[in-house]
Structure formats: structure tokens, C-alpha cells
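Counted from 1, the sequence shown has number 230 at position 230 by the UniProt record's numbering; the numbering is strictly sequential.
Just below is one structure, and these are the notes that go with it.
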Amino acid sequence: MFFEFYLKRFVVMAVLLVGLGNPGAQYANTRHNLGWDAVQAMARDHHLSGPSQRFKGLFGDGSISGERVYWLLPETYMNLSGESVGEAARFYKIEPEQVIVFHDDMDLPLGKVKMKVGGGNGGHNGLKSIQQHLGTADFTRIRLGIGRPPERWDPKRFVLAPFTSDERKISEPLLEALSFDALPPLLAGDLPGAMNRLSLKLNPKPERGESKKEKREKRLAAEKAAQESADGAS
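Below you can see the structure in the form of C-alpha cells.
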């Protein structure tokens with residue numbers, strides 16, 4: 001019992017970052033590959049090793065904010081992502097709660113993010129496969145909104161299409177904020193902290209204007225200074 005407590009309390013636990021998508025140039029920068037793009041950006045931004053071909057995917061590792069990190073982009077195609085994730089998690093003895101999966105979500109508008117541990121798969125075949133191969137739903141999901149298709153658009157065609165130039169103005173800052181602002185607290189298991197930092201980065205509070213009281217005090221001070229200057233000149 002004490003040994004188990006010691007491990008959980010003092011040993012740095014490795015985290016596995018998983019980006020869901022489909023392999024191949026034809027799927028690059030598509031809406032369905034937003035999770036893939038997010039993890040790929042993190043590996044690049046934080047100078048993690050890789051990619052190498054392992055666990056039926058692109059794999060690498062390194063350290064971020066003192067946390068041991070593995071990253072994985074399954075190349076099994078979306079519906080079989082769990083095969084890749086399960087192999088990597090078993091090999092490195094990574095517990096499901098230390099697996100963080102980034103994936104696209106049509107139920108959220110583009111640019112919106114939700115984070116949670118556990119829950120259903122929402123009809124997402126990649127999540128369903130991961131749940132099957134990990135044997136539990138208790139892994140962290142980072143839902144990245146891509147929005148709903150326009151009227152009369154086939155949903156499959158929509159998710160497999162690339163982002164428009166206007167959409168990239170939203171998706172690219174999001175990926176940057178996820179990598180540099182949200183990731184450090186996320187690796188520490190602080191989902192609320194990660195969401196807060198993400199929100200502050202993407203939606204900075206406007207600078208507070210002067211209150212009526214401050215304006216009045218400034219005006220009175222200016223009038224007083226002007227009067228003193230006039231008195232001194234007379």
C-alpha cells in the first residue's frame with residue numbers, strides 16, 4: 001500500500017499525447033485531422049523527438065514543463081486508432097488517466113474547446129476504438145470544435161475537406177494557444193487551469209477605461225495646475 005502511494009505521489013508519471021486523424025497527404029489540414037495537427041504542433045513547438053514509425057503510427061518523446069511526455073499520431077485510420085494507442089500505452093505502462101486524446105468535434109463551433117475525463121464517445125469512431133483497446137473510458141479528451149457543415153453538405157465530405165482561409169485564421173491561433181498556454185497545466189492534470197489559460201490567450205480582456213471618478217479627478221487636477229500656473233505668472 002505504501003509503495004503504491006509512493007509511486008503515485010513521488011514518481012513522475014509519463015503522459016501520452018494522442019492526436020487523432022487520418023494519415024496521408026490527402027488528409028493534411030482537413031477538419032477531421034485537427035487533433036492530429038494539434039499534437040504535431042506540440043511536438044514541434046516543444047522540440048520533442050521524432051517522428052519515428054512505432055506502434056502503428058508516428059511516435060516521439062521528450063519533456064515539457066518537467067513532465068515526461070510521449071506523443072503519438074495513429075496511422076491506422078481513425079476507426080482503428082485504439083490499436084495504436086493501446087500498444088503504446090501497454091508498452092510504456094501508461095495508465096488510461098495519463099492518456100490525453102485530441103480530436104475534432106462537430107458539436108462545437110470552430111475555435112471552441114472542451115476538456116473532460118471519461119464519458120461517452122459521442123459517435124466518434126476514434127474514441128470508441130481507443131476505449132475498446134484501453135478497456136476503459138477514463139482517459140482525457142480534448143474536444144476541438146470544427147462546427148457543423150453548411151446546409152445540404154454531406155457531413156463526411158465536410159470533415160474530410162480542408163479548412164478555408166478564413167477558418168485557418170481561427171484554427172491556427174487555437175493550435176498555438178493549446179501548445180504554449182494550455183498544455184503545461186494540462187500535463188499536470190489541471191483541466192480548469194488549462195481552460196482558463198486558453199481562454200485568456202484567445203479572448204484577452206480589453207483594457208479597462210477610466211471611470212467617471214478618475215476622469216473627474218484628472219480634470220480637477222489639471223484645472224488646479226493651470227490655476228496655480230496662472231497665479232504664479234501674475
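A virtual CB, placed ideally from N, CA and C, is assigned to each residue, including glycine.
*Just how far apart, CA to CA, sit PHE180 and ALA221?*
44 Å
*What whole-angstrom Cβ distance do ILE146 and ARG44 have, given they're in contact under 8 Å?*
About 21 Å; that fails the 8 Å criterion.
*Just mark GLU87 as buried or exposed, buried being the case when its beta carbon has 16 or more other beta carbons within 10 Å.*
buried
*With burial defined as no fewer than 16 other Cβ atoms inside 10 Å of the residue's Cβ, what is the status of THR164: buried or exposed?*
exposed
*asked:* Quick check on the DSSP output: the beta strand (DSSP E) that includes LEU73 runs from which residue to which?
replied: 67-74
_Between the CA atoms of VAL99 and ILE25 - distance to the nearest angstrom_ = Here residue 25 is Ala; the residue named in the question, Ile, does not match the sequence. Those two C-alpha atoms are separated by around 26 Å.
*Between the C-alpha atoms of ARG90 and LEU198, what's the straight-line distance to the nearest angstrom?*
31 Å
*Can the beta-carbon of GLU67 be found less than 9 Å from the beta-carbon of ALA177?*
no
*Helix, strand or coil: which one does DSSP assign to ILE170?*
helix
_Considering Cα atoms alone, identify which of ASN33, ASP37, SER63 and VAL85 is closest to GLY57._
VAL85
*List the residues that DSSP assigns as beta-bridge partners of LYS156.*
Per DSSP, none; premise fails for LYS156.
_Assigned exposure category for GLU214 - 16 Cβ within 10 Å defines buried_ = exposed
*With a cut-off of 8 Å on the beta carbons, I'd call PHE139 and VAL101 a contact; round off their distance for me.*
6 Å
_Here's the rule I'm using: 16 or more other beta-carbon atoms within 10 Å means buried, otherwise exposed. How should TRP71 be labelled?_
buried
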